[in-house]
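In my numbering, the protein residues as written are 1 to 90.
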């Protein structure tokens, strides 16, 4: 399992807004079908991570910092993201 970092206050806000905190979101990396897509960002390289936790599709926005994965946000996947994920399932 990779190592993660995140802002604890942002994790709490994410839980209230989207129903998942960043601790639970780490389970995305247990998904054998995890999909990573480059995201547009002007400040640093960012990526969308699309996977399932408890049979629900979630999309995380992350960046890599040294050996760590920094979780920026997590939300339910949009329809097109679910389609991308499902089209690549093993």
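Every residue gets a Cβ at the ideal spot worked out from N, C-alpha and C, and that includes glycine.
Pull up the CB-CB distance for residue 47 and residue 59, whole angstroms please, since I reckon it's below 8 Å. Translated into positions along the chain shown, residue 47 becomes position 47. Translated into positions along the chain shown, residue 59 becomes position 59. 10 Å between Cβ atoms; not a contact.
Between residue 50 and residue 6, is the Cβ-Cβ spacing less than 7 Å? Position 50 of the chain shown, counted from the first residue, corresponds to residue 50. Position 6 of the chain shown, counted from the first residue, corresponds to residue 6. Going by C-beta atoms, residue 50 is not nearer than 7 Å to residue 6.
Using a threshold of 7 Å, state whether the C-beta atoms of residue 88 and residue 28 are closer than that. Here the question's residue 88 lines up with position 88 in the chain shown. Here the question's residue 28 lines up with position 28 in the chain shown. Not closer than 7 Å, so no.
When burial is assigned at 16 or more other CB atoms within 10 Å of the CB, is residue 21 buried or exposed? Working through the chain shown from its first residue, we reach residue 21 at position 21. Counting Cβ neighbours within 10 Å, residue 21 comes out buried, since at least 16 surround it.
Between which two residues does the beta strand (DSSP E) containing residue 20 stretch? Sequence index remark: in the chain shown, residue 20 carries index 20 (1-based). Boundaries for residue 20: no beta strand (DSSP E) harbours it, and the DSSP string shows neither H nor E there.
Let me check one thing: in DSSP terms, what residues is residue 68 bridge-paired to? Your numbering for residue 68 matches position 68 in the chain shown. In DSSP, residue 68 forms a bridge with 3, 65.
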